Every structure is written in structure tokens, then in C-alpha cells.
Amino acid sequence: MSDHKLSSRLFSTRIDIPTDVRVQVVSILNQTLAATLDLKTQTKQAHWNVKGTDFYQLHELFDELAGELEEYVDLVAERITALGGYALGTARIAASNSILPEFPFEAIDGKEHVTALADRFAPYAKHIRDAIAKTNDLGDADTADIYTEISRTIDKRLWFLEAHLQASPAKADNGAATTTKTQKTAAVR
Ligand SMILES: [Fe+2]
27 MSDHKLSSRL FSTRIDIPTD VRVQVVSILN QTLAATLDLK TQTKQAHWNV
77 KGTDFYQLHE LFDELAGELE EYVDLVAERI TALGGYALGT ARIAASNSIL
127 PEFPFEAIDG KEHVTALADR FAPYAKHIRD AIAKTNDLGD ADTADIYTEI
177 SRTIDKRLWF LEAHLQASPA KADNGAATTT KTQKTAAVR
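Counting with our numbering, you get residues 27 to 215 for the letters of the sequence shown.
Structure (C-alpha cells):
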């Protein structure tokens, strides 16, 4: 059976959400499941392989992020089954359905690993935020709430990653003594 057919396979349930809504929500959730599994394994990849003077703190941070993503894998998969859907969560399906690019295996030091993860947490954060709007529009407030919970943490984690990469405003301006508030804001983007 194709992934598409499996994703639209519904089991009978007494839940009071119309079938057409459940099909669409399950499809979105299966996209999220693939991306979350992919991001979790990529974060573990960084946890194992990062090197350099910041090794230990990044090794620990990446493991914490991977642990949260593992919880979201379960949260998303079980929302799919609660809706009568079929969760598509094998490594093969995740690899073929994920919206994220493959991990850059040339990354070695801390900055390269943090950059690689920030470049993947950002599109994942966008996907999650888009899903809040889509599932709200479909009238499934509970799934939208799950997405909102994930979104809040992922935005925070993107900040944690990017804080390693953002230069101080003074350095970004080559040590200029006077930096306007607008310039400071621009420098941390
Ligand atoms: Fe470990």
C-alpha cells in the first residue's frame, strides 16, 4: 500500500470529528511525524559527533533537544491513532516523507553542528506554526493545541541554538562605540 493510501486509512471511532476533517488532520500529522523523527535522529547525530572546546555542553544540549523531540514523536503519533488514523513512523517512511534536508556530514566543530541544527529547527518551527493554523481552520482545536505546545518549545530551542551563533552588536559593528537600538535589533536577526 502506498504512503498516501496508508495516511488516509481510517479506522472506525466514536470520536465526534467528521471523517473528512480527520483525513486531512491525520495527513498533516503524518507529515509532522516524519519531520520530527528525522529531526530527532539528526539531533542525535550532532550529539554523538560534535567536537571542540564546547563539546560537553553541546553534547548535553543536543541530547536534551533529542529527548523532547522523542516525546513529540509519541504525542503526534498517538494523536493520529486517537483520530482513527494510521501512524507512519518507520525510519524508511520518515526519511522519504520528511521536509528536512539530510544532515551535513562534513560538520565537525560546535559551530558547524549548531548551525546545521538551527538550519533544520527553523523550517521545522515553520511547519509546526503552519500546522497550528491549518488544524485550527479545520476545526480540530485539540490537534492545534498539541501543535501550539510543540511550537512554543521549538521556538525556544531555536533561540538556544541561535544564541550560540549571534555575535554581540558591538562586534557585529566592528566595535563601533555608538549602536542605535535599531542596529542592535538588526544585528541579532
Ligand atoms: Fe548519549
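Every residue gets a Cβ at the ideal spot worked out from N, C-alpha and C, and that includes glycine. All figures in this text were calculated on a predicted structure; none of them were measured in a lab.
> Could you give the distance in angstroms between the alpha-carbon of PRO130 and the alpha-carbon of ALA142?
Replying inline: To locate residue 130, count along the sequence shown from 1; it is residue 104. To locate residue 142, count along the sequence shown from 1; it is residue 116. Between PRO130 and ALA142, the C-alpha separation is close to 7 Å.
> Expressed to the nearest angstrom, what Euclidean distance is found between the alpha-carbon atoms of ALA213 and LEU109?
Replying inline: Taking the first residue of the sequence shown as 1, we reach residue 213 at position 187. Taking the first residue of the sequence shown as 1, we reach residue 109 at position 83. Note that ALA213 has pLDDT 43, beneath the 50 cutoff, so the model's placement of it is unreliable and no number is given.
> Three or more beta-carbon pairs under 8 Å between the stretch 172 to 186 and the stretch 92 to 112, yes or no?
Replying inline: Cβ pair count under 8 Å is three or more, so yes.
> Got a sec? Which residues, its chain only, sit under 7 Å from ILE54 by beta carbon, not counting five neighbours each side?
Replying inline: As a first step, residue 54 is located in the sequence shown; it is residue number 28 there, counting from the start. Closer than 7 Å at the Cβ level, and outside the excluded window around ILE54, lie ALA157, LYS160 and THR161.
> Would ASP163 be called buried (16 or more neighbouring beta carbons within 10 Å of its own) or exposed?
Replying inline: For the purposes of this step, residue 163 is taken as residue 137 along the sequence shown, with counting starting at 1. Classification for ASP163: exposed.
>> Quick check on PHE88: buried or exposed, where buried means 16 or more other Cβ atoms within 10 Å of its Cβ?
In response: For the purposes of this step, residue 88 is identified with residue 62 of the sequence shown, where counting begins at 1. Buried is the call here.
> Where DSSP assigns a beta bridge to ASP168, which residues make up the other side?
Replying inline: Numbered from its first residue, the sequence shown carries residue 168 at position 142. Paired residues: none, contrary to the question.
> ALA148 and HIS139: beta carbons closer than 8 Å?
Replying inline: The residue labelled residue 148 in the question sits at position 122 within the sequence shown. The residue labelled residue 139 in the question sits at position 113 within the sequence shown. In this structure, HIS139 does not lie closer than 8 Å to ALA148 by Cβ.
>> Quick check: does the Cβ of HIS139 come within less than 7 Å of any heavy atom belonging to ligand 1?
In response: In the sequence shown, counting from the first residue as 1, residue 139 sits at position 113. It does not: the Cβ of HIS139 is nowhere closer than 7 Å to a heavy atom of ligand 1.
> Taking GLU97 as the reference, which of TYR112, ARG118, THR67 and ALA72 has the closest Cα?
Replying inline: Here residue 97 refers to the residue found at position 71 of the sequence shown. The residue among TYR112, ARG118, THR67 and ALA72 with its C-alpha nearest the C-alpha of GLU97 is THR67.
>> Using DSSP's beta-bridge definition, name the partner residues of LYS77.
In response: As a first step, residue 77 must be located in the sequence shown, where it is residue number 51. DSSP output for LYS77 lists ASP135 as bridge partner(s).
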